[in-house]
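Down below is the structure, laid out as structure tokens.
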Amino acid sequence: MTDSIEISDLTKQFEKITAVNDVSLDVQRGEVFGFLGPNAAGKSTTVKIAATLLEPTKGTISVEGYDVLEAPVDVRSVTGLLPEDGANTHYDRLSAYKNLEYFGRLYDVPEEKLQDRIERLLEFLELSDRRDDSPATFSTGLKQKLSLARSMIHNPRVVFLDEPTSSLDPIMSKRVRDFIDEQAEVGKQTFFLCTHLLSEVEDLCDRVGFISRGVLVEVGRPKDLRRKFWTVRTYEVQLADADLSKGREIISSTGLVEAARVEKERVVFEVEEAETKNPQIIRALMESDQLIVEFRERVPDLEDVYLKVIGGN
Amino acid sequence: MLKKAWIMARTEIRMVFKSRQVKMIPAMIVVMTVIFGGLMTFLTLSWGLTDPVYFNLMMASIMGVVIIMLPIMLPILIAADSIVGEKERHTLTPLLATPLTDGELLFGKFLTALIPGLVVAYSNLVLAIAMVNGLVLLLAPPLFGVWPDFLSIIQAIILPVLFSILAVGIMVIISGRANTVYEAYQTGGVLILPAMAFAYSGFLGGTGLNWLIFYAGVLILIVLDIILYRIAVKLFNRDALTSRVG
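Chains S and U are the protein sequences, given in the same order. Per the working numbering, the first sequence runs over residues 59 to 371. Per the working numbering, the second sequence runs over residues 3 to 248.
Rendered as structure tokens:
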């Protein structure tokens, strides 16, 4: 895959505050990249620089081969942006349809395609029946949907979405996630997603980056990050025998585990190098005539990883 | 450049005229034209100032206010609303993210502010000609058709364009630094209107209203307009605008 977004040594300073500090990162074409971090971590500033709204103090970003400083107009024509607080960025004096039409024209969408594209986006985002209404009469969720439609109106190669599903109901959030997934897969569009919703990132993103106080702390696939931060893994075993303390004793007596306890009708144990030790633990249980009903890993979710990475910073 | 700027201007003009404040200004200008222009014409004729040259000069100065000074209020307000208003309403960020160049964006803003002002100025010109000559017919029929003479018509066509560009240029520069529409409008009004009055009186300063003064004045205005537009483009800074948007 080719790089769609290349961020090199990016630094942005606002007077004495360093919002982004020496960030380097590549996002591949068709990838859905999640950018995570607490408030004021530098996520939105990075997106604004990539969308050519802000100039970097040092370093640069190139989008689809166009440098943000040398070819800003080209960058803007291949990118779509759903800004932070996107729900409040509409022209209230125009209808929803006219808002999209206006931006479609500014993005050079051919007239013969524009109407069709607007109709499809309005339909997909369930806004068709409100097409002639002013966004001023919309709920925050509806406004957010309109922002999403606006960012996609010209079918951009790269889409920067700052909190795209904030204020959307769970069903619409799911539809938007599916839409992003499909666009990335079929349309080969690159998505750069800033969000606080870790479940969203877990579902959607091929890779994630954690940023804290302007510094990029970690980048990787959610699965790899979990592995990296959880060397001690947790497993739970459901046994046919009602006396679970016996099972816990057998597991502890192997001397292979860090800890073992009984929790909600299961024996829970923590182990390092699970790949080599788990077969021995299972064998010990079976040799003691313990019937294993279920054996599974307690996978830490991305929120655990996030708290560990960002908390450590 | 023209296409994108025109798309912007067309849509923005439609939007600004949905603002009650902007809608009121043309109505106010027409009312002031009728009251002020009508009263001054009536007084001029009642006082017996009926020498054609003097009458023409008197009308030129009155109409300078009516056709140039009053309509300039509209581009000043629209420029403030269109630039600072976008910041206030948070609509500037998505607009800045489109592939508009700085030149296209500013040219679009210029057109948005200029066109309504010029429509009002030229409508006012027609209204003023009809009103003045109507009063002349009633009070001093021999002066019918004396005003406007050819030079006054050319002035009334060209000067609103050049003065408006000047006013909008100043407003673009002010708007980039102002935080509210009110602040921009107020600063613009304080700076622009006296400057315009001074410049227009300079046109009349030669009193003869001769072509040489007119040509020189127009040339100076054109040069000023170009310089101001260039300065506005140069000072336009997405970074500063977006940083303030937050």
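Idealized CB from N, CA, C, for every residue including glycine. What you are looking at is a predicted structure, and each value in this text was computed from that prediction instead of being measured.
Task: Lys-335 (chain S), DSSP secondary structure in three states - done: On the first sequence, residue 335 (chain S) is found 277 positions in, with the first residue counted as 1. In the structure shown, Lys-335 (chain S) sits in a helix (DSSP, three-state: H, G or I).
TODO: Taking Asn-146 (chain S) as the query, report the chain U residues whose CB atoms sit under 7 Å from its CB, ordered along the chain.
DONE: Here the question's residue 146 (chain S) lines up with position 88 in the first sequence. Chain U residues near Asn-146 (chain S): His-92.
Task: Cβ-based contacts, 8 Å cut-off: residues of the segment 99 to 127 of chain S near chain U - done: Lys-106, Ala-109, Thr-110, Leu-111, Leu-112 and Glu-113
Task: Cβ contact (3+ pairs, closer than 8 Å) linking the segment 259 to 267 of chain S and the segment 221 to 240 of chain S - done: yes
Open item on the list: If the cut-off is 7 Å on Cβ atoms, which residues from the segment 115 to 126 of chain U count as contacting chain S, listed in chain order?
Closed with: none
Open item on the list: Would Asp-282 (chain S) pass as an interface residue toward chain U - the criterion being a Cβ-Cβ separation below 8 Å?
Closed with: If you number the first sequence from 1, residue 282 (chain S) lands on position 224. By this cut-off, Asp-282 (chain S) is not an interface position.
Open item on the list: Just to confirm before moving on: does the CB-CB distance between Ala-119 (chain U) and Val-183 (chain U) stay below 8 Å?
Closed with: The residue given as residue 119 (chain U) occupies position 117 in the second sequence. The residue given as residue 183 (chain U) occupies position 181 in the second sequence. Checking the sequence shown, residue 119 (chain U) turns out to be Gly, not Ala. Not a contact, by the Cβ cut-off of 8 Å.
Open item on the list: According to DSSP, simplified to helix, strand and coil, what is Ile-63 (chain S)?
Closed with: Along the first sequence, one-based indexing puts residue 63 (chain S) at 5. Strand, per DSSP.
Open item on the list: So that I know if they touch, is there some Cβ in chain S lying closer than 8 Å to that of Asp-83 (chain U)?
Closed with: Counting from one through the second sequence, the residue named residue 83 (chain U) turns up at place 81. Answer no: the Cβ-Cβ gap between Asp-83 (chain U) and chain S never drops below 8 Å.
Open item on the list: I'd like to know if the segment 335 to 352 of chain S and the segment 243 to 254 of chain S are in contact, where contact means that at least 3 CB-CB pairs between them fall below 8 Å.
Closed with: no
TODO: Could you round the C-beta distance between Ile-117 (chain U) and Gly-190 (chain U) to whole angstroms and report it? I think they count as a contact, below 8 Å.
DONE: Along the second sequence, one-based indexing puts residue 117 (chain U) at 115. Along the second sequence, one-based indexing puts residue 190 (chain U) at 188. Wrong, their Cβ atoms sit about 18 Å apart, outside the cutoff.
TODO: Specify, as a first and last residue, the run of the alpha helix (DSSP H) that Val-259 (chain S) falls within.
DONE: Taking the first residue of the first sequence as position 1, residue 259 (chain S) is located at position 201. Run containing Val-259 (chain S): 256 to 262, per the alpha helix (DSSP H) assignment.
TODO: Output, in chain order, the set of chain U residues within a Cβ distance shorter than 7 Å of Val-36 (chain S).
DONE: The shown model of chain S, from 59 to 371, leaves out residue 36 (chain S), and the question about it has no answer.
Task: Residue environment, Pro-162 (chain U), which counts as buried when at least 16 other CB atoms sit within 10 Å - done: By one-based count along the second sequence, residue 162 (chain U) stands at place 160. Pro-162 (chain U) is buried by the Cβ-count criterion.
- [ ] Kindly list the residues whose CB is nearer than 8 Å to the CB of Leu-230 (chain U), restricted to its own chain and excluding five residues on each side of it in sequence; keep chain order.
- [x] In the second sequence, the residue the question calls residue 230 (chain U) occupies position 228. Ile-167, Leu-168, Gly-171, Ile-172 and Ile-175, listed in sequence order.
Task: Proximity test, Cβ basis, 8 Å: Met-65 (chain U) and chain S - done: Taking the first residue of the second sequence as 1, we reach residue 65 (chain U) at position 63. Closer than 8 Å: no.
Task: chain U contacts made by the segment 191 to 209 of chain S, where a contact means CB separation under 7 Å - done: Arg-208
- [ ] Establish whether the CB of Leu-237 (chain U) and some CB of chain S are separated by less than 8 Å.
- [x] Translated into the one-based positions of the second sequence, residue 237 (chain U) becomes position 235. No, no contact with chain S.
TODO: Could you tell me which chain U residues have their CB closer than 9 Å to the CB of Ser-135 (chain S), listed as they occur along the chain?
DONE: As a position in the first sequence, residue 135 (chain S) is number 77, starting the count at 1. Simply Thr-100 and Pro-101.
Open item on the list: If I measure Cβ to Cβ from Leu-164 (chain U) and keep anything under 7 Å in the same chain, skipping five residues before and after, which residues do I get?
Closed with: Your numbering for residue 164 (chain U) matches position 162 in the second sequence. Only Val-220, Leu-223, Ile-224 and Asp-227 meet the Cβ criterion.
Open item on the list: Against chain S, does Met-17 (chain U) count as a neighbour if the rule is that its beta carbon must be under 8 Å from one of theirs?
Closed with: Working through the second sequence from its first residue, we reach residue 17 (chain U) at position 15. Chain S, which has a Cβ nearer than 8 Å to the Cβ of Met-17 (chain U), makes this yes.
TODO: State the beta-bridge partners of Arg-354 (chain S) as determined by DSSP.
DONE: The residue labelled residue 354 (chain S) in the question sits at position 296 within the first sequence. According to DSSP, which records beta bridges pairwise, Arg-354 (chain S) is partnered with S:Glu-294.
Open item on the list: With DSSP as the reference, identify every bridge partner of Ser-270 (chain S), one or two as the case may be.
Closed with: In the first sequence, counting from the first residue as 1, residue 270 (chain S) sits at position 212. Answer by DSSP bridge pairing, in chain order: S:Val-273.
TODO: Out of S:Val-85, S:Phe-353, S:His-212 and S:Val-266, point me to the one whose CA is closest to Pro-168 (chain S)'s CA.
DONE: Your numbering for residue 168 (chain S) matches position 110 in the first sequence. Of the listed residues, the one whose Cα sits closest to Pro-168 (chain S) is S:His-212.
- [ ] Can you give me the Cβ contacts of Pro-272 (chain S) inside the same chain, cut-off strictly under 6 Å, excluding the 5 residues immediately before and after it?
- [x] Taking the first residue of the first sequence as 1, we reach residue 272 (chain S) at position 214. Residue identity differs from the one stated: residue 272 (chain S) is Gly in this sequence, not Pro. Result list for Gly-272 (chain S): Thr-76, Ala-77, Val-78, Asn-79 and Gly-100, in chain order.
TODO: Identify the contact partners of Tyr-149 (chain S) in chain U, using a Cβ-Cβ distance below 7 Å as the criterion.
DONE: As a working note, residue 149 (chain S) is residue 91 in the first sequence. What Tyr-149 (chain S) touches in chain U: Met-17 and Thr-93.
Open item on the list: Going by DSSP, what residue range makes up the alpha helix (DSSP H) through Glu-89 (chain S)?
Closed with: One-based indexing of the first sequence puts residue 89 (chain S) at position 31. Counting along the chain, Glu-89 (chain S) falls outside any alpha helix (DSSP H), and DSSP gives it neither H nor E.
Task: Own chain, CB closer than 8 Å to Gly-88 (chain S), minus 5 neighbours either side, in chain order - done: To locate residue 88 (chain S), count along the first sequence from 1; it is residue 30. Here the set comprises Met-59, Ser-62, Ala-242, Glu-243, Lys-246, Gln-247 and Thr-248.
Task: Rounded straight-line distance, which links the Cα of Lys-156 (chain S) to that of Thr-93 (chain U) - done: Residue 93 (chain U) sits at position 91 when you count from the first residue of the second sequence. Residue 156 (chain S) sits at position 98 when you count from the first residue of the first sequence. For Thr-93 (chain U) and Lys-156 (chain S), the distance between alpha carbons rounds to 14 Å.
- [ ] Kindly provide the ranges of any alpha helix (DSSP H) runs that are 4 or more residues long and lie completely inside the segment 72 to 139 of chain S, ordered along the chain.
- [x] 101 to 108 and 130 to 136
Open item on the list: Is Phe-268 (chain S) close to chain U? Criterion is C-beta to C-beta, closer than 8 Å.
Closed with: Position 210 of the first sequence, counted from the first residue, corresponds to residue 268 (chain S). Not closer than 8 Å to any Cβ of chain U, the Cβ of Phe-268 (chain S) fails to qualify, so no.
Open item on the list: Is the beta carbon of Glu-321 (chain S) closer than 8 Å to that of Gln-296 (chain S)?
Closed with: To locate residue 296 (chain S), count along the first sequence from 1; it is residue 238. To locate residue 321 (chain S), count along the first sequence from 1; it is residue 263. Their beta carbons are not under 8 Å apart, which means Gln-296 (chain S) does not touch Glu-321 (chain S) by this criterion.
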